[in-house]
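Inspection log for the structure reproduced underneath, given as structure tokens.
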Amino acid sequence: MGTVSIENVRKVYDGDPEVVAVDDVSFEIADGEFLTIVGPSGSGKSTLLRMIAGLEDISDGTIRIGDRVVNGVQPQDRDVAMVFQNYALYPHMSARKNMSYGLELTTDLPDEKIQQRVKEAAEMMGVTEQLDKRPGNLSGGQQQRIATGRAIVREPSVFLFDEPLSNLDAKLRLHMRTELQQLQDKLGTTTVYVTHDQEEAMTMSDRIAVVNGGQLQQIGTPEEIYDEPRNLFVGDFVGSPP
Ligand code: ADP
Ligand code: MG
1 MGTVSIENVR KVYDGDPEVV AVDDVSFEIA DGEFLTIVGP SGSGKSTLLR MIAGLEDISD
61 GTIRIGDRVV NGVQPQDRDV AMVFQNYALY PHMSARKNMS YGLELTTDLP DEKIQQRVKE
121 AAEMMGVTEQ LDKRPGNLSG GQQQRIATGR AIVREPSVFL FDEPLSNLDA KLRLHMRTEL
181 QQLQDKLGTT TVYVTHDQEE AMTMSDRIAV VNGGQLQQIG TPEEIYDEPR NLFVGDFVGS
241 PP
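Numbering (full-length UniProt numbering), first residue to last: 1 to 242.
Next comes the structure, spelled out in structure tokens:
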């Protein structure tokens, strides 16, 4: 089950002064839901997502994926797959190898099965023709699709996206919004999507979690948040009429 439960989660980065990046945040994500975490730069979105992914230790609180507490569980054992803002593709590997490598490393699936998954994911993302190229010879949009394909082949219970469209031009960004939504409709995989773009959040999501200063401001459907913002920050951020 692809539910995610975040319970009183905090993240404090050591330093002088220390930074409270995520401040006692709690909410739940339903199985199959497309939930977007939206907020301005520095509001703790990436930190929260990286804690769900297991790429960042949590300072306090509990994260559950399905009915399992994943505090301390390694990223590859969490049944999640993440797509990064800069795609994080290996430059010296072909697109195909980029998509298969994680599975080869962390599972004992037979190569035939892995290649079958790569083929299907590449078809889904429209990059079959690009599989033998290296990332440096692909456009930004193609790299984005390969990075998403790499997440698909893992067949995770949860997709985690950190600003996946922010490096694309405006037109492609609009197009990819629709594509990612269609992908989620088709696969039904729980999706946690991070963006600073309120319009992206409003158009793509089942529900939105608005964060600011490391704190959850409001969570609800785009309509609820637009029609009944809980405070001035939320109303201003989503552009509700005063
Ligand atoms: P967002 O993704 O919303 O822009 P981040 O989660 O990246 O926000 O950052 C939240 C806060 O935590 C910011 O003040 C940022 O400077 C700080 N921060 C993020 N990563 C680190 C780190 N590795 N060390 C120290 N501070 C960090
Ligand atoms: Mg970020």
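The C-beta atom is built at its ideal place from N, Cα and C for all residues, glycine as well. Computed from a predicted structure; not experimentally measured.
For the beta strand (DSSP E) that contains residue i, what are its first and last residues?
{"i": "R230", "result": "Premise fails: R230 is in no beta strand (DSSP E) and is neither H nor E."}
{"i": "D24", "result": "V19 to I29"}
{"i": "R10", "result": "V4 to Y13"}
{"i": "M82", "result": "V80 to V83"}
{"i": "L89", "result": "Premise fails: L89 is in no beta strand (DSSP E) and is neither H nor E."}
{"i": "N212", "result": "R207 to N212"}
{"i": "T36", "result": "F34 to V38"}
{"i": "V192", "result": "T190 to T195"}
{"i": "Q215", "result": "Q215 to G220"}
Any heavy atom of the ligand MG within a distance shorter than 7 Å of the CB on residue i?
{"i": "K119", "result": "no"}
{"i": "S26", "result": "no"}
{"i": "K45", "result": "yes"}
{"i": "D77", "result": "no"}
{"i": "E163", "result": "yes"}
Hey, quick one: how far does the alpha helix (DSSP H) through residue i stretch, first residue to last?
{"i": "R64", "result": "That residue, R64, is in no alpha helix (DSSP H); its beta strand (DSSP E) goes D60 to I65."}
{"i": "L46", "result": "The sequence shown places Ser at residue 46, rather than the Leu named in the question. From DSSP, the alpha helix (DSSP H) with S46 extends over K45 to A53."}
{"i": "E199", "result": "Q198 to M204"}
Shorter than 7 Å, the distance from the beta carbon of residue i to the closest heavy atom of the ligand ADP, or not?
{"i": "A209", "result": "no"}
{"i": "Y13", "result": "yes"}
{"i": "S41", "result": "yes"}
{"i": "A81", "result": "no"}
{"i": "V158", "result": "no"}
{"i": "A21", "result": "yes"}
Output the distance between the C-alpha atoms of residue i and residue j, rounded to the nearest integer angstrom.
{"i": "V12", "j": "L160", "result": "22 Å"}
{"i": "T203", "j": "S166", "result": "15 Å"}
{"i": "K171", "j": "V118", "result": "27 Å"}
{"i": "V22", "j": "V38", "result": "13 Å"}
{"i": "residue 266", "j": "Y193", "result": "The requested residue 266 does not occur in the structure, where the chain is confined to residues 1 to 242."}
{"i": "D57", "j": "S157", "result": "21 Å"}
{"i": "S139", "j": "Y101", "result": "21 Å"}
{"i": "L237", "j": "E33", "result": "Note on identity: in this sequence residue 237 is Phe, with Leu being the wrong assignment. Distance between the alpha carbons of F237 and E33 is about 23 Å."}
{"i": "P229", "j": "G235", "result": "5 Å"}
{"i": "K186", "j": "V83", "result": "18 Å"}
{"i": "E7", "j": "S205", "result": "22 Å"}
{"i": "G220", "j": "P164", "result": "22 Å"}
{"i": "V9", "j": "T36", "result": "17 Å"}
{"i": "N231", "j": "T191", "result": "26 Å"}
{"i": "Q215", "j": "T189", "result": "26 Å"}
{"i": "E120", "j": "T128", "result": "9 Å"}
Does any residue of chain D bring its CB to less than 8 Å from the CB of residue i?
{"i": "V4", "result": "Any reference to chain D falls outside this structure, which holds one protein chain only."}
Whole beta strand (DSSP E) runs in the stretch 93–171 with 3 or more residues, listed along the chain? 158–162
Does the stretch 85–96 come into contact with the stretch 134–141, if we say contact requires no fewer than three beta-carbon pairs (one atom in each stretch) closer than 8 Å? yes
Quick test of the definition: if touching needs 3 or more C-beta pairs under 8 Å, does the stretch 74–84 touch the stretch 23–38? no
Spell out a yes or no on whether the stretch 54–70 and the stretch 111–125 are touching, meaning 3 or more CB-CB pairs, one atom from each, closer than 8 Å. no
Does the stretch 102–113 come within contact of the stretch 145–157, defined as at least 3 CB pairs closer than 8 Å? yes
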